[in-house]
Structure formats: C-alpha cells, structure tokens
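S.K.:
Protein chains in written order, with our numbering: chain H, 164 to 565; chain S, 33 to 602.
(1) One question on the structure: do residue 207 of chain S and residue 219 of chain S come within less than 8 Å of each other, judged by their Cβ atoms?
(2) Check for me: the alpha helix (DSSP H) holding residue 216 of chain S runs from which residue to which?
(3) Where does residue 96 of chain S land, buried or exposed, given buried means 16+ other C-beta within 10 angstroms?
(4) Helix, strand or coil, according to DSSP, for residue 182 of chain S in the structure here?
(5) Closest Cβ-Cβ distance between residue 457 of chain H and chain S: below 8 Å?
(6) Excluding the 5 residues flanking residue 300 of chain S on each side, which residues of the same chain have their C-beta closer than 6 Å to its C-beta?
(7) Taking Cβ positions only, does residue 288 of chain S come closer than 8 Å to chain B?
(8) Using a beta-carbon distance below 8 Å, is residue 461 of chain S in contact with chain H?
(9) Given this structure, state the Cα-to-Cα distance separating residue 410 of chain H from residue 379 of chain H, to the nearest angstrom.
(10) Grouping DSSP H, G and I as helix and E and B as strand, with all else coil, what is residue 278 of chain S?
(11) Rounded to the nearest angstrom, what separates residue 518 of chain S and residue 532 of chain S at their Cα positions?
(12) Which residues of chain H have a Cβ atom closer than 9 Å to the Cβ of residue 455 of chain S, listed in chain order?
(13) My output table needs one value for residue 191 of chain H: the three-state DSSP class, helix, strand or coil.
(14) Here's a check: name, in chain order, each residue in its chain whose Cβ is nearer than 7 Å to the Cβ of residue 312 of chain S, leaving out the five neighbours to either side.
(15) How many whole angstroms separate the CB atoms of residue 470 of chain S and residue 384 of chain S, which I take to be in contact at a CB cut-off of 8 Å?
(16) Exposed or buried, which one is residue 355 of chain H when buried takes at least 16 other CB atoms within 10 Å?
(17) Residue 483 of chain H: buried (16+ other C-beta within 10 angstroms of its C-beta) or exposed?
(18) Could you give the DSSP three-state label for residue 71 of chain S: helix, strand or coil?
(19) Excluding five sequence neighbours on each side, which residues of the same chain lie with their C-beta closer than 7 Å to the C-beta of residue 213 of chain H?
(20) Quick one: list the residues of chain H neighbouring residue 394 of chain S, beta-carbon separation under 7 Å, in chain order.
(21) Starting from residue 243 of chain H, follow the beta strand (DSSP E) in both directions and report where the run begins and ends.
(22) Verify the CB distance criterion: does residue 561 of chain H have a CB-CB separation below 8 Å to chain S?
(23) Could you round the C-beta distance between residue 593 of chain H and residue 488 of chain H to whole angstroms and report it? I think they count as a contact, below 8 Å.
(24) Please report how far the alpha carbon of residue 510 of chain H lies from the alpha carbon of residue 455 of chain S, in whole angstroms.
(25) Assess contact between the region 432 to 447 of chain H and the region 357 to 374 of chain H, defined as three or more Cβ pairs (one per stretch) separated by less than 8 Å. Is contact present?
(26) Short check: CB of residue 381 of chain H to CB of residue 433 of chain H, under 8 Å?
(27) Got a sec: is the Cβ-Cβ distance from residue 125 of chain S to anything in chain H below 8 Å?
(28) Report the residue from H:395, H:230, H:441 whose alpha carbon sits nearest the alpha carbon of residue 386 of chain S.
(29) Taking 6 Å as the limit between beta carbons, can you name the residues of its chain near residue 442 of chain H, skipping five residues before and five after?
(30) What's the call for residue 273 of chain H, buried or exposed, on a 16-neighbour Cβ count within 10 Å?
(31) What is the DSSP secondary structure of residue 530 of chain H, reduced to helix, strand or coil?
(32) Are the C-beta of residue 197 of chain S and some C-beta of chain H separated by less than 8 Å?
(33) With DSSP run on the structure shown, which of helix, strand or coil describes residue 529 of chain S?
(34) Strictly below 7 Å CB to CB, what residues from chain H border residue 431 of chain S?
(35) Shortest alpha-carbon distance to residue 583 of chain S belongs to which of H:555, H:558, H:546, H:347?
(36) Please name the residues in the region 367 to 384 of chain S whose beta-carbon is closer than 8 Å to at least one beta-carbon of chain H, in chain order.
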C-alpha cells in the first residue's frame with residue numbers, strides 16, 4: 164500500500180501503544196427525534212484520541228445528518244483537489260418511513276465517512292473536523308445555519324479579485340467561445356476514465372439492488388408455497404399428509420434465511436457499490452474544481468499580460484496614473500500567483516489522491532465481494548442442509564406406502 | 033433510495049449487452065453442454081401452460097462448442113418440422129438416480145442429466161410420473177406432430193372453403209390388440225372433441241381425463257403458429273393421459289382414433305341447437321300421446337345433452353322436488369362415505385389450486401433470481417474489461433481480477449438457478465396435472481348424480497302411474513261389466529307401467545355400475561396420487577439439494593479468494 168497514514172483511523176479502540184498518535188471515531192446509537200415532517204435522526208459521535216489538538220482522550224457529541232453535510236462542504240471548499248469522502252444521499256422520501264434498515268444503512272455510511280476523513284493524512288488535520296468532533300450542540304447548530312454567511316466573510320481579497328476578473332474577462336477579452344480547458348493528456352484520460360467508471364459501477368449497483376429484491380421475493384414465494392403445502396397436507400392422509408406438512412414447514416424456515424440474506428446483501432454489498440458510485444461522483448466534483456482553478460489561472464495570466472502592456476504604455480507617457488496602475492498590477496500579480504498556486508496544488512493532490520482512491524476501492528470491493536460470496540455460500544449451504552434433512556423422511560414415507 | 037433514472041440506462045442497453053456477452057471470453061467456460069440441452073428440452077415442454085418460463089425463456093439447440101453462457105437463444109419453431117419423434121417436446125424429468133448429485137462436483141457438470149441423450153429420450157415412457165398400470169411391459173407411446181393446414185371440400189357456403197389444421201398422431205405400441213407396432217393418422221381438433229364426447233358417454237363414472245379446451249378466443253387472438261404449437265402440445269398430453277388410463281387405453285374409441293386412416297369413424301357430436309330442434313320436433317308427439325315413455329336404452333345416458341326434451345323437463349322437475357320439496361325422493365344418495373369423499377375431493381381441489389398458484393410464483397421467483405444474477409455478472413464483466421483496458425496502476429488490475437472472479441461466479445450461479453428452475457417446473461407440474469384431473473373426478477361424480485336423478489325420476493313416474501292405475505281400477509270397478517274405454521285405458525297404462533319398470537331396472541343397474549366405477553377409480557386415484565405426490569416432493573427436494581450444493585461451491589471459491597480482505601475488526 165502506498166498510503167502514508169500518520170494516524171490510524173479505525174473505528175475500534177487502537178491496539179497500538181498510547182505513545183502512538185491515534186484518532187478513532189465511531190458513529191453509533193441512532194435515535195429518532197421530532198415528529199412528522201420535522202423528524203430527524205441524531206447520532207452519537209464518539210471520538211477517542213491522544214492528539215494534543217483535541218480536548219481530552221474521549222469526547223462524545225450528538226450530531227445529525229446536516230452536520231455531516233456541513234463538514235463535507237467545508238472540507239470540499241478548503242481542500243480542493245482532495246477526493247472528499249462521499250455522504251449518503253439526503254433522501255427526503257425514505258426519511259419519512261425511517262425503516263430500521265434505512266437507519267442502519269445511514270449510520271454505517273456516516274461512520275465510514277467520518278473514518279475516512281479521520282484516516283486521511285491531510286483531512287485529519289482540518290479545523291473543521293475538530294470542530295465537528297468536539298463542539299457542543301448549540302455551537303454546531305449555529306455553525307450549520309450560518310453556512311452561507313461564512314463563505315461571504317472569507318478573507319480572500321484574492322478571491323474577490325479573481326471573481327472580478329472573471330466577470331470582466333470571459334468572452335470579451337479572450338474572444339473565445341470555448342471555455343479554457345487543460346490540454347493535459349493524462350488528465351483527459353482520467354476524466355474519461357472517471358465518467359465511464361461511473362456508468363459501469365452504477366449499473367452494477369442497480370443490479371445489486373435488484374438482487375436484494377429478488378431474494379426477498381424468493382423468500383416470500385417459498386413461504387407462501389410452504390403454507391400452501393401445509394394446507395394440502397391437511398387434505399391428504401398418512402404419509403403423504405405428513406410429507407407435505409413437513410415440506411411446508413421446511414419451506415417456511417428456508418424463507419427466513421432468504422430474508423436474512425437480503426438484508427446482509429443490502430448492507431454489505433449493495434451499499435458499498437453505492438458508496439463507490441458516490442465516490443466517483445465526488446471525484447467528478449473535484450475535476451470540476453480543477454477546471455475552475457485552471458480557468459482562473461489562465462484568465463489571470465492573460466489579464467497580467469494586458470496590464471503589463473498598459474503599464475509600459477503609461478510609463479512611457481509618464482502619466483500620473485502610473486502609480487495607481489503599478490499598484491493594481493502588483494495586486495493582480497499576487498492574485499495570479501495565488502491562482503496558479505491553487506491550481507498546482509489541486510493537480511498535485513489529485514495525482515496522490517488517484518492512487519489512494521484506487522487502493523481504497525480495491526480494498527473496499529475486496530471486502531464487499533467477500534461478504535457477498537460468503538453470504539451466498541452461507542445461504543446455499545443453508546438450503547442444502549435444510550432440504551437434505553427431509554430426504555430420509557421422504558424415503559421412509561415412500562417405502563411405507565409401497 | 034434507488035434512483036435508476038439518474039443512471040440513464042435504458043432497457044435496450046441490457047439487450048445490447050446480452051449480445052456483447054457472446055463475445056466475451058471467460059476463464060473456464062463450463063463444458064456441460066448436456067445439461068444445457070436438457071434445459072432446452074425442459075423449456076420446450078412448458079409452452080402449453082402460462083408458465084412464466086415459457087414465453088420469456090426461448091430455446092435452441094446449442095452447438096457443442098458454443099459458449100455455454102449464451103443467454104436466450106432464439107425460439108425454435110416446432111411447427112414446421114417433419115419427423116417429429118425426436119423433436120418431441122414433452123420430456124421426462126430425470127429419475128431420482130439422475131437427480132441425486134454427487135456433492136462438490138462443480139467440475140463434472142455433466143453428471144446431472146448425463147443420462148439423458150436425445151435418442152434415449154424418445155425411448156422413455158410417455159407421461160410424467162404416472163405409474164403405468166400393472167402390466168408394465170405394455171406400452172403405448174403417442175406423439176402429436178406436424179401440424180398442417182387443410183381445406184374443407186365443397187358444401188360450405190363460404191367461397192374458398194374453410195381451412196383447418198390437422199396433426200399427425202403417431203403411435204408406437206406393443207399392445208397386441210392394435211395389430212401393429214407403429215402407425216400414424218391425421219386428425220383435426222374436432223376429431224378429438226368427438227373422441228372425448230364418445231368416451232364420456234361410454235365411460236360414465238370413470239375419471240376420464242379432460243380434453244384440451246377449444247380456446248376459441250385464443251385462436252383468434254394469438255399468432256397462428258404459436259396457437260397451433262400450444263394446441264399440439266396440449267393434444268399430445270391429452271392423448272398420453274388417455275393411454276395411461278388402465279381402462280380407457282383399451283377402449284375401442286381410442287383404438288379407432290389412433291389407428292383408422294381417413295375420416296374418424298365415430299359418431300360426431302351434434303351441436304346443441306340441432307339437438308334442441310330434434311327434441312322440439314318430438315315434443316308434441318310426446319305430450320299428446322299417453323305413452324310418453326323413456327325407452328330403456330335411452331336411460332343409460334343422462335337426459336341433459338339428449339334430444340328428449342320431455343325427459344329433460346321431468347328430471348328437472350324431479351331435481352327441484354329433491355331440493356325444495358318436503359318429501360324425500362324414493363331413492364337417496366345413501367352412501368355417506370361417498371358424500372364425505374366428495375367433500376374431500378372438493379377440498380383437495382381448492383388446496384391443489386392454491387398450491388399450484390404458489391408453485392408458479394416460486395418458479396417465477398427462481399427465474400428472476402437467475403436472471404438478475406446473470407445481469408449482475410454481466411455488468412461486472414463489463415466493469416472488469418473496462419478496468420483492465422484503462423488500468424494505470426496495480427490496484428486497478430487487482431480489483432479487475434477480483435471483479436472477474438465475482439462475475440464468473442455470478443454467471444455460473446445464474447445458470448444453476450435456471451437449470452434448477454427447469455427441473456422445479458417439471459416436478460411441480462404434478463400439481464397442475466392433478467388439478468386438471470380434478471375435472472375428470474368432478475365429471476365422474478356428476479355422472480353418478482345424473483344417473484341417480486334418472487332413477488329418481490323414473491321412480492316418481494312409476495309411483496304416479498301406479499296411482500293412476502289404481503284410481504282407474506277403482507273407478508271402473510264401480511261400473512258393472514266394466515267401462516270399455518276405461519278398461520282399454522287401464523291396459524295401456526299397465527303396459528306403460530311395465531315399460532317404465534324395465535327402464536327403472538336398467539336405470540338402477542346403470543346407477544350401480546357407475547357407483548362401482550366411481551369407487552374403483554377413486555381408489556386408483558388415491559393410490560396414484562399418493563405415489564405421484566410423494567415422488568414429486570422427493571424430486572423437488574433432491575433437485576433443490578443438488579443445485580444448492582453447486583451454487584455453494586461456486587461462491588465458496590470466491591469467498592476463499594477474497595478472504596484476504598476480511599476486516600480485522602469483525
């Protein structure tokens with residue numbers, strides 16, 4: 164594995180000696196709060212750490228889904244270029260039903276989310292993460308609702324300049340219809356790969372979801388058949404009656420196995436595939452950010468050139484506007500350098516992230532496939548054992564009637 | 033939570049990908065072409081039912097070296113072929129010996145139906161699971177094939193004439209009465225209706241297998257070819273059931289049907305309208321003559337369906353009297369045991385119908401499992417291909433390899449589910465078969481009821497005739513020397529009474545005969561049903577066990593291969 168992890172981020176208590184830095188988080192204990200439309204689920208987020216930046220070794224806070232969204236948005240904004248771990252969908256509809264299964268799936272997904280952040284070498288250092296893991300609930304609520312306000316107050320004069328430039332520049336000066344795009348072959352390949360990958364994984368996930376349904380339907384039909392056989396057995400006499408009745412009972416028992424397996428499949432196979440799709444979508448968002456950054460970097464570079472020319476002109480004519488222009492030029496230069504820096508950071512990060520992503524997904528899929536296969540084998544064995552147990556009985560019944 | 037619209041897939045995409053699948057190569061294609069061909073044969077036997085499998089899973093002979101993972105091959109048209117014996121669609125399920133799998137035998141897939149080969153199939157006994165009668169060395173094997181359009185000649189008002197379809201009915205037998213070992217005749221559906229009606233008349237009280245429906249609506253709605261094929265299968269099943277019945281297989285009607293070339297020499301059934309017309313013609317004579325008597329020979333057939341309207345009315349009156357009248361009929365269904373049996377049969381029919389429905393749902397569910405697993409496998413194969421093509425780092429290649437392992441397993445498992453299902457269908461088909469036979473049972477019971485009604489009617493009639501005779505005697509004795517006209521009337525009446533007495537005796541004999549037939553048939557039915565259902569259950573269970581083991585193997589391997597990824601936590 165090529166990853167460099169400074170801190171282990173598993174959700175269990177670390178076995179490493181206390182001198183090793185560790186940060187371990189778990190999302191547990193979902194509780195439904197509120198009523199009707201206002202209902203939501205709260206989770207307990209337990210942090211265990213020995214990092215000095217954190218207050219104490221263990222902290223428990225209560226968080227809800229929108230808090231996680233806040234964290235994700237902040238990280239996305241601050242750590243451009245990094246593939247921020249994805250969150251489960253908002254899902255307005257299912258929320259109302261709040262089935263136990265839905266709640267468990269969401270909890271699992273949130274747990275995975277926070278742990279990926281905690282084990283990412285850059286993201287784990289984030290202030291926002293610390294806030295998320297430690298702030299009291301009122302503070303969290305305040306932060307959450309101030310979401311939009313914070314962005315406006317950002318100290319980035321650079322950002323402002325960049326944005327101004329963008330609005331002025333676009334089509335007029337550059338005179339291009341096509342938006343500025345990188346001509347980086349490797350990046351092109353990546354884009355193509357990511358877009359195609361999403362399609363493939365999404366299709367696999369779709370079938371996985373259907374498979375879960377099929378398990379449930381199969382279970383139901385076996386249960387119904389079992390019942391029908393039992394009734395039929397009641398019509399028949401002696402050995403045949405018993406045979407039907409026992410088969411019916413067995414059929415109903417097997418049906419239970421199928422329902423169990425359906426649940427297991429949903430949580431351990433379909434959900435990881437879904438997560439895979441989300442992860443790819445997150446990368447797409449990062450790709451878009453990179454494109455933005457590249458555009459800004461280009462546009463500012465163009466602007467600088469024009470300003471230079473203008474400045475030279477002014478200097479030649481010894482205009483009194485020189486001073487002003489010089490100042491403006493300096494500001495723009497700084498902004499341009501900033502934009503270039505941002506762009507290059509994104510590029511660097513993306514290269515590292517790509518490898519990390521591939522490793523992570525190979526591992527995730529390895530686990531998912533294993534769980535899937537294990538579950539299917541378990542199911543098939545259950546079937547075989549259950550049905551097999553009937554064979555000697557049926558043999559006995561056949562010989563009796565002969 | 034699943035929003036498939038986002039993914040922009042259309043169903044067409046799936047079909048395209050099935051074609052794609054043909055060009056994909058997997059590591060170890062299964063060489064179990066034999067079981068594939070049995071799957072084919074199993075599928076084709078479904079085309080007469082509304083089985084979920086019959087329309088959506090078409091069938092073809094897979095060439096021996098083709099990729100056995102080819103998904104739905106094109107439907108093969110059985111209609112046009114000549115030399116149908118080998119193409120016979122109705123095939124036997126494997127015997128239990130075949131069904132018993134050796135466990136962990138994933139690499140020897142031929143074991144399952146290895147015994148079955150095309151040549152052997154045609155040797156096997158014709159009907160599913162029904163035990164042949166005791167003289168089991170005798171056989172009658174019937175095949176229906178080669179449907180052809182023919183023209184009805186002349187005397188039709190429609191210019192150009194009527195067309196109809198004939199089928200080739202081939203019989204292979206060693207029964208000496210046939211005087212031949214192999215022969216074939218051409219018959220049309222109308223002939224089958226005739227055969228069925230004549231059998232119903234001759235074998236009252238027997239559980240005569242019901243003939244296929246006329247399906248008038250369907251014949252208009254369906255594609256001609258499809259309908260003809262459906263009918264061909266149904267006819268074959270029907271004739272085989274007849275040949276299976278220990279008494280009916282010896283009947284003249286059947287013999288004649290199977291053997292006599294050209295026009296079927298059985299009296300045809302006239303339609304209801306002309307019967308009514310004939311009856312209406314007779315009616316005035318019956319009403320105005322004093323001797324409105326049922327001839328003894330007519331008494332052996334039920335009133336309904338005959339031309340004797342008067343008799344029909346009388347029996348109807350009697351049945352109303354039975355149901356609503358205060359007085360009990362002179363002869364009553366005294367057999368409590370029979371009444372109980374009737375109740376039981378009714379209950380059985382209900383439960384059979386229910387079980388039959390649930391069996392169909394099970395088959396559908398199994399089919400869906402197989403299908404979805406296959407689609408999942410296919411999606412993963414595409415993903416594997418994609419990752420391999422685009423791989424820039426090792427993690428991708430490793431993942432691609434893992435994905436391939438999963439995909440292969442999924443496709444294999446999908447195959448197994450489909451095979452499992454094909455066999456399940458055959459086994460659970462027994463439920464459908466017996467459900468069909470319940471019609472025969474009901475019809476035999478109603479033979480008995482109508483025979484009883486005839487007897488009751490005759491008894492009432494006799495009673496009323498006798499009381500009339502008494503009254504006449506009393507009246508005429510009051511007149512000295514006798515009333516010539518009254519005496520004559522009395523003589524006529526007494527003659528009528530004698531004839532009616534004869535009819536009554538015949539009717540009672542007939543009723544007793546039918547009762548006896550009922551009893552014997554019921555016994556046979558119970559015995560055979562018992563054996564057949566036990567066989568069905570056993571076959572079903574063994575089938576499930578066998579395939580469960582195969583599926584388990586496939587997945588165990590993948591679980592093993594990916595065991596390195598197991599989380600340390602759980």
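Ideal Cβ positions, reconstructed from N, Cα and C, are used throughout, including at glycine.
Predicted model only: the values in this text are computed from it and were never measured.
M.R.: With the given structure in hand:
(1) no
(2) Not the alpha helix (DSSP H): residue 216 of chain S falls in the beta strand (DSSP E), residues 214 to 220.
(3) Per-residue confidence for residue 96 of chain S stands at a pLDDT of 40, beneath the threshold of 50, marking its modelled position as unreliable; no derived number is given.
(4) strand
(5) no
(6) 226
(7) No chain B is present in this structure, whose protein chains are H and S.
(8) no
(9) 20 Å
(10) coil
(11) 20 Å
(12) The contacting residues do not exist; residue 455 of chain S stays about 13 Å from chain H at best.
(13) strand
(14) 341
(15) 7 Å
(16) exposed
(17) exposed
(18) With a pLDDT of 37 at residue 71 of chain S, under the threshold of 50, the modelled position of this residue cannot be trusted, and the question is left open.
(19) 181, 184, 185, 220
(20) 384, 385, 388
(21) Where residue 243 of chain H is concerned, there is no enclosing beta strand (DSSP E), given that its DSSP letter is neither H nor E.
(22) yes
(23) There is simply no residue 593 of chain H to check, as chain H begins at 164 and stops at 565 in what is shown.
(24) 59 Å
(25) yes
(26) no
(27) At residue 125 of chain S, the pLDDT of 39 sits below 50, so the modelled position is not reliable; the number obtained from the coordinates is stated separately. So, not an interface residue.
(28) H:395
(29) 249
(30) buried
(31) helix
(32) no
(33) helix
(34) 524, 525, 528
(35) H:546
(36) 376, 379, 380, 383, 384
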